[in-house]
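First comes the structure, then the notes that go with it.
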Amino acid sequence: MTMIFSTFVSLFALTSLAVAHPGEVHRRLSDAELARRSASAAARHLAARNCAPEIAAFNAKRKAKRALAKRQEPTTTVSAEGPHYTEIQNNTCVLTPEAVEGPYYINNEMVRGNLIEDQAGVPLTLDIGVVDINTCEPLSDVFVELWACNATGVYGGYPAQLGAPPGPPPNSSLEARQAPGGGTTPLQRNETFLRGGLPTDSNGIVEITTLYPGFYEGRTIHIHTMFHIGYEIAPNGTLISHAGNLAHIGQLYFDDAFSDQVLALEPYTSNTNNRTLNEDDGILQDQLEDDNNAFVAVELLGETLADGVLGYITVGVDSTASYGISNTNYLNSTGTEGEDLVTV
Numbered sequence: 001m002t003m004i005f006s007t008f009v010s011l012f013a014l015t016s017l018a019v020a021h022p023g024e025v026h027r028r029l030s031d032a033e034l035a036r037r038s039a040s041a042a043a044r045h046l047a048a049r050n051c052a053p054e055i056a057a058f059n060a061k062r063k064a065k066r067a068l069a070k071r072q073e074p075t076t077t078v079s080a081e082g083p084h085y086t087e088i089q090n091n092t093c094v095l096t097p098e099a100v101e102g103p104y105y106i107n108n109e110m111v112r113g114n115l116i117e118d119q120a121g122v123p124l125t126l127d128i129g130v131v132d133i134n135t136c137e138p139l140s141d142v143f144v145e146l147w148a149c150n151a152t153g154v155y156g157g158y159p160a161q162l163g164a165p166p167g168p169p170p171n172s173s174l175e176a177r178q179a180p181g182g183g184t185t186p187l188q189r190n191e192t193f194l195r196g197g198l199p200t201d202s203n204g205i206v207e208i209t210t211l212y213p214g215f216y217e218g219r220t221i222h223i224h225t226m227f228h229i230g231y232e233i234a235p236n237g238t239l240i241s242h243a244g245n246l247a248h249i250g251q252l253y254f255d256d257a258f259s260d261q262v263l264a265l266e267p268y269t270s271n272t273n274n275r276t277l278n279e280d281d282g283i284l285q286d287q288l289e290d291d292n293n294a295f296v297a298v299e300l301l302g303e304t305l306a307d308g309v310l311g312y313i314t315v316g317v318d319s320t321a322s323y324g325i326s327n328t329n330y331l332n333s334t335g336t337e338g339e340d341l342v343t344v
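Heads up: the sequence shown at position 324 corresponds to 324 in UniProt numbering, and the numbers run straight through without jumps.
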């Protein structure tokens with residue numbers, strides 16, 4: 001009876017993800033898909049616990065070499081920049097795949113290590129380690145894709161999120177407007193800021209520079225992630241989202257107390273949305289069940305926040321898992337379903 005009740009609670013929590021937050025419109029999952037994802041999340045968490053000694057060893061080696069060497073400027077080639085930590089950190093994050101991509105994903109985004117473009121805010125360099133929970137070994141050549149809203153709560157290419165409209169993104173040519181509800185949110189502008197990614201290196205680590213994200217109505221501060229295995233790059237240098245195997249969909253989070261310091265700076269102070277804290281975000285709280293950890297460990301890169309922030313996290317991935325992408329919007333397109341390649 002205890003197991004049945006636990007399964008019921010898990011399914012109820014997963015169901016609530018589809019409808020609980022006014023800032024995002026999620027597709028409703030079938031009962032069969034809910035059950036499959038719940039079982040998969042539980043299995044992944046159990047397997048990741050078995051990797052604790054290996055991750056601890058990675059951590060000891062990586063922290064021994066944590067000197068912050070000056071990095072070269074990122075390139076657009078398909079290669080990972082040298083990370084600040086040469087071994088995987090013991091800050092394991094087993095992100096549950098039921099955190100679907102949400103309505104603000106765009107297929108076939110750019111392959112690059114710096115996602116900032118002309119956006120204003122606090123630079124955030126993420127060192128992400130990827131471990132295969134089946135072998136407890138680092139996973140090399142996994143394409144780590146990120147996307148997030150800017151300092152005032154706007155996603156590149158999309159109108160303002162549902163709820164209180166945030167201020168316009170810096171240097172945007174068009175005013176952000178209210179997004180219609182239901183289904184995939186229509187693209188409004190041809191923008192690529194705070195979107196893209198790179199593959200992990202031979203040590204299972206990738207370094208990507210973005211901005212510390214802002215927030216929008218109904219959600220706490222977060223960054224979306226997808227991990228692609230056997231990925232393909234189009235001739236124009238963009239990721240082919242539906243090629244290969246999508247092994248993980250998740251979200252990264254930050255400590256509220258640290259976020260308070262960032263949000264006290266411009267342009268974050270121009271955000272007019274009502275803020276949701278971590279403890280009030282249902283999607284995050286569901287991800288934290290069973291002692292999962294979805295938080296990025298952060299430290300200053302210099303003397304002040306203006307010098308940037310370094311964040312690191314290790315993500316346990318089931319390399320045999322396979323998930324689908326529900327969003328039908330594509331880079332430089334009107335969202336035509338089935339487009340595998342578009343011209344940039």
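Beta carbons are placed, not taken as given, at the ideal position from N, Cα and C, and that holds for glycine.
Between Pro159 and Gln188, the beta carbon gap of about 5 Å places them in contact (Cβ cut-off 8 Å). For Ala294, there is no enclosing beta strand (DSSP E), as DSSP marks it with neither H nor E. For Gly316, the uninterrupted beta strand (DSSP E) segment begins and ends at Val309 to Val317. The beta carbons of Phe227 and Val296 sit about 16 Å from each other, so the pair does not count as a contact at 8 Å. At least 8 Å separates the beta-carbon of Asn329 from that of Ile240. By the neighbour-count criterion, in which a residue is buried when 16 or more other Cβ atoms sit within 10 angstroms of its Cβ, Ala321 is buried. Pairing Tyr212 with Val131 gives a Cβ-Cβ distance that is not under 8 Å.
In this structure, Gly196 keeps its C-beta atom at 8 Å or more from the C-beta atom of Ala151. Taking a 10 Å sphere around the C-beta of Leu277, we find fewer than 16 other C-beta atoms and assign the residue as exposed. When the beta-carbon positions are compared, Gly113 and Ile208 come within less than 8 Å of each other.
The Cβ-Cβ distance between His222 and Gln251 falls below 8 Å. For Val262, the enclosing alpha helix (DSSP H) has its first and last residue at Asp256 to Leu263.
Remark: C-beta atoms of Val111 and Ile249 do not approach each other more closely than 8 Å.
Among the bridge pairs identified by DSSP, Glu303 is matched with none.
According to DSSP, Leu198 shares a beta bridge with Val144. Using a Cβ distance threshold of 8 Å, Leu126 and Thr210 count as a contacting pair.
Around the beta carbon of Ser319, a 10 Å sphere encloses 16 or more other beta carbons of the protein chains shown; the residue is thus reported as buried. Under a 10 Å Cβ-count criterion, Thr135 is classified as exposed, with fewer than 16 other Cβ atoms of the shown protein chains found around its own Cβ. For Ile205, the three-state secondary structure derived from DSSP is strand. With a cutoff of 8 Å on beta-carbon distance, Phe258 and Val315 are scored as not near each other.
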